[in-house]
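Peer 1:
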């Protein structure tokens, strides 16, 4: 890698995710994302890491479509999904868009073989630890008796050129796609030996409807019971989340959790007796629900709170090999934290908080492993400390990620400011390394999405290091409604988006601008999703910024309720708009339109169903009618995020040109491909 950290250098960095450890603890694999050869999309492959860190990673899979969703089988074979073509399919049977099939790479090496290729594709895989059983999620037409019937229905619609959908219930959309005509089901099957394929897998959820949309699931070590998230909707479309236990032999379902709260992220214990999960109280307009780590007796359904005194929100529970403890992560003061809970004593121990920890794998023979990331490094594999007080240690992986090679242009500092009510507001400041009091640099403020969220980890979408490379400082504040600072801090901004969340951002900016390395006369603000909402609110509330970038932003909250994918769920924060729309109207930034003078760059993707394109079209129309200078960057092939590499390049080029124009007085430079 060269010294220059530009977009091309950023794009070349390997994107690590999905770290997994074999049942024996001696093998570690990770998914690595890079741009495809045509640079039009991202491509992933599976690599094996040396847990001792002595050797460089070794590539395990190679195909044009790529591989993902990896899991180890009992014997150490690797299961994964890929849309690589079926090697036994006749030429006239080849699909234009090959669905993802389930493949197996033998533990002893050799070629990967196809196990099953449903016409709707496989999207997630879990294998039993102590049995040759695999459970996977695939999309099928409701009522299809078998794979042949499903394929027949697919071919009939395709031949007729029909894309219409008929809805009779709620919800009808999710993120970037309408539900239907297929629905997500869970299937279970024995893992065949030799060169055999899976015969006719058992559909465990034939009446799933939309209940399994993006739900996590796990299987007991003996493969007998599957525990899955289960999403339901009430009569007006508000969603709830619980867990169901499914008997693999009979297919019978048992509701595992009451409807008093939301239960998600199930993890089965090594002895198959328990399920750990996250329990979240249901949100209400008066109070956002608190979250805790929950333990459920799989036989009786009885549950208990494992972290009643922890003022943090547990995520991603992972069992130790002996079942004596549970590891989990939380957001933690602008970073991430890893905790270990001892079940015998109930003691919760903070093990690491030196970065955002993910993909925890406690079973490696060389010690617990995970991925660690921050704004100073992309995700890298690390060995975790076994006891508190230690630090996670990098293990050798890809040369581009080596600490002495990864020459990032920005230096990170943790800042603290005081809000008007005395509350401490934490922020990250990413400064160009050459910034000084003699040469102060312009400041760009990032506002995070969520709205419940935090700035604490490397981003492949909004990366402050790319702005630092161009001489901008970036401030990333965590205002009220941010996680990692306790329940009361989130509650402080709940249902009051234009109050404390806004004033906290301004307090953080005021505090940062006391730094002599920052030019207080050259500031801009950017935000996406809720951050885009805040960008719009800021634009109507102050003229202190020279430019504002608003991405996938909310503009008119009452209309948004009826167009977003899960509109009724917003009633848990702002109430029923049909009975009382006052909260929507009070905190809707469109009311402040007449005050806006700041030039604005509006960015939106056509396929965004969480914040539909109608929000951007209304915003852009209102800005033009009121003479607000600005531009509108529209992506017809993107959703809530800009994911395709060349689209991301255009996003950055447009943002840089807009910032240069208004913060540096440069002539507007329209990107060459726009």
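Numbering (the numbering used here), first residue to last: 33 to 706.
Ideal Cβ positions, reconstructed from N, Cα and C, are used throughout, including at glycine.
1) Using the C-alpha atoms, what's the distance from residue 181 back to residue 710?
2) Classify residue 558 as helix, strand or coil using the three-state DSSP reduction.
3) Among 582, 167, 120, 384, which has the Cα closest to the Cα of residue 223?
4) Give, in chain order, every unbroken run of the beta strand (DSSP E) that is at least 3 residues long and sits entirely within the stretch 150-226.
5) Closest to residue 277 by C-alpha separation, out of 242, 218, 518, would be which residue?
6) Quick one: Cα of residue 38 to Cα of residue 673, how far?
7) Out of 94, 390, 238, state which residue places its alpha-carbon closest to the alpha-carbon of residue 76.
8) Are three or more beta carbon pairs between the stretch 635-647 and the stretch 582-599 nearer than 8 Å?
9) For a test of the three-state rule: what should DSSP assign to residue 599, helix, strand or coil?
10) Below 8 Å CB to CB, which residues in the same chain sit around residue 699 once its five sequence neighbours on both sides are set aside?
11) Quick check: the stretch 373-391 against the stretch 414-432, are at least 3 beta-carbon pairs closer than 8 Å?
12) What's the C-alpha gap between residue 34 and residue 395?
13) For residue 551, collect the residues of the same chain with a Cβ closer than 8 Å to its Cβ; drop the 5 residues on either side in sequence, then sort them by chain order.
14) Does the pairing of the stretch 402-415 with the stretch 372-383 give three or more beta-carbon distances under 8 Å?
15) So what's residue 542 in DSSP terms, helix, strand or just coil?
16) Could you tell me which residues DSSP pairs with residue 259 in its beta bridges?
17) Out of 701, 676, 675, state which residue places its alpha-carbon closest to the alpha-carbon of residue 687.
18) Helix, strand or coil: how does DSSP classify residue 537 here?
19) Hey, out of 97, 522, 101, whose CA is closest to residue 129's CA?
20) Give me the DSSP bridge partner(s) of residue 358.
21) Inspect the CB distances between the stretch 187-206 and the stretch 331-347 and report whether three or more fall short of 8 Å.
22) Which residues bound the beta strand (DSSP E) around residue 645?
23) Using only the alpha-carbon positions, how far apart do residue 469 and residue 632 sit?
24) For a quick check, are the C-beta atoms of residue 715 and residue 488 less than 8 Å apart?
25) For the beta strand (DSSP E) that contains residue 634, what are its first and last residues?
26) Just to confirm, are residue 515 and residue 484 a CB contact at a threshold of 8 Å?
27) Between the beta-carbon of residue 654 and the beta-carbon of residue 691, is there less than 8 Å?
28) If you measure between the beta carbons of residue 464 and residue 442, is that distance less than 8 Å?
29) Assuming residue 497 is part of the alpha helix (DSSP H), what are its boundary residues?
30) Rounding to the nearest angstrom, what Cα-Cα distance links residue 170 and residue 675 in this structure?
31) In whole angstroms, give me the CA-to-CA distance for residue 325 and residue 404.
32) Indicate whether residue 259 and residue 288 have their beta-carbon atoms separated by less than 8 Å.
33) Thinking residue 571 and residue 585 are a contact (beta carbons under 8 Å), I'd like their distance in whole angstroms, please.
34) Whether or not the stretch 144-162 and the stretch 101-114 are in contact is what I'm after, with contact meaning three or more pairs of Cβ atoms, one per stretch, closer than 8 Å; do they touch?
35) Mind pulling the beta strand (DSSP E) runs of 3 or more residues that sit fully within the stretch 278-304?
Peer 2: Let's see:
1) In the structure as shown, the chain begins at 33 and stops at 706. Residue 710 is therefore absent and cannot be evaluated.
2) strand
3) 167
4) 154-159, 165-172, 215-222
5) 218
6) 20 Å
7) 94
8) yes
9) helix
10) 693
11) yes
12) Unreliable placement is indicated for residue 34, whose pLDDT of 45 sits below 50; no coordinate value is reported for it.
13) 472, 473, 474, 475
14) no
15) helix
16) 250, 277
17) 701
18) helix
19) 97
20) 351, 373
21) no
22) Element bounds for residue 645: not the beta strand (DSSP E) but the alpha helix (DSSP H), 645-657.
23) 29 Å
24) Residue 715 lies beyond the stretch modelled for the chain, which goes from 33 to 706, so this question has no answer here.
25) 632-637
26) yes
27) no
28) yes
29) 496-500
30) 23 Å
31) 22 Å
32) yes
33) 10 Å between Cβ atoms; not a contact.
34) yes
35) 285-287, 293-300
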